[in-house]
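Here is the structure we will look at.
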Amino acid sequence: MTQTPPGLQTEIIHHVSPDIVSFAEAHPSAYLGQKDLFLTSYSFLPNLASIFDLPSLPQSPSEVACKMSSQYANPITSTSTLCADANNRIFRTSLLKFLTSEQLDRYSTLGWEVEFRNDSVASSGPTWIASPLLFVADTRARRLHIQAPAL
């Protein structure tokens with residue numbers, strides 16, 4: 005991973021696309037100024053409530069589609085361009101940042117190991133958008149394998 009220059013301020017501008025069409029047309033960007041790094045990303049969350057608006061049914065997405073600029077456009081990120089590497093970094097960082105020490109101990113003792121497999125490559129943008137994350141549970145090994153689609 006490359007070093008962040010001292011004193012560099014990072015501003016992340018994130019847009020949630022209201023529909024699949026605007027998400028497909030969105031272009032993430034990265035701009036490195038003298039002392040600032042500006043990153044723009046986009047995500048899309050299907051609105052399940054518009055299809056089944058029943059308050060008695062719990063509704064939540066199983067994933068969020070997200071578009072970010074690659075390391076080629078962003079000089080401060082890792083040299084890896086794999087979604088698996090980014091997902092692994094985000095997952096591990098989240099464990100340390102958002103869990104208390106008691107929760108982390110409990111997860112270490114009782115939780116399943118999570119393994120991010122190499123990306124499955126989609127042939128086109130529409131194919132990528134339609135491709136979900138793949139979750140494979142190995143109950144004997146107490147391991148969850150996750151594979152993300154990539155362009």
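So the mapping is simple: the working numbering equals the position in the sequence shown, first residue as 1, plus 4.
Backbone N, C-alpha and C define an ideal beta-carbon position, used for all residues, glycine too.
For clarity, every value in this text was computed on a predicted model and none was experimentally measured.
- Nearest Cα to residue 139 within the set 146, 152, 128 and 133: 152.
- For residue 141, the number of other beta carbons within 10 angstroms of its own is below 16, and it is reported as exposed.
- The residue from 146, 135 and 106 with its alpha-carbon nearest to that of residue 115 is 146.
- Around residue 44, the same chain offers 17, 32 and 33 as residues with beta carbons nearer than 6 Å, after the five sequence neighbours per side are excluded.
- Shown here for residue 126: same chain residues with a beta carbon closer than 8 Å to its own, the five before and five after excluded, namely 132, 135, 153, 154 and 155 in chain order.
- Closest by C-alpha distance to residue 37, out of 110, 112 and 13, is 13.
- Residue burial is scored here from C-beta neighbours: residue 41 has at least 16 other C-beta atoms within 10 angstroms and is therefore classed as buried.
- Comparing alpha-carbon positions, the option among 137, 105 and 46 lying closest to residue 113 turns out to be 105.
- By a beta-carbon distance limit of 8 Å, residue 150 does not contact residue 102. Their separation comes to about 18 Å.
- For residue 154, DSSP records a beta bridge to 125.
- Sorting 29, 88 and 35 by C-alpha distance to the C-alpha of residue 123 places 88 at the top.
- Per the C-alpha coordinates, the member of 109, 110 and 117 positioned closest to residue 95 is 117.
- Each residue's CA atom was taken as its position, placing residue 47 and residue 143 some 32 Å apart.
- Take residue 129, set aside five residues on each side of it, and the residues of its chain with a beta-carbon closer than 8 Å to its own are 28 and 155, in chain order.
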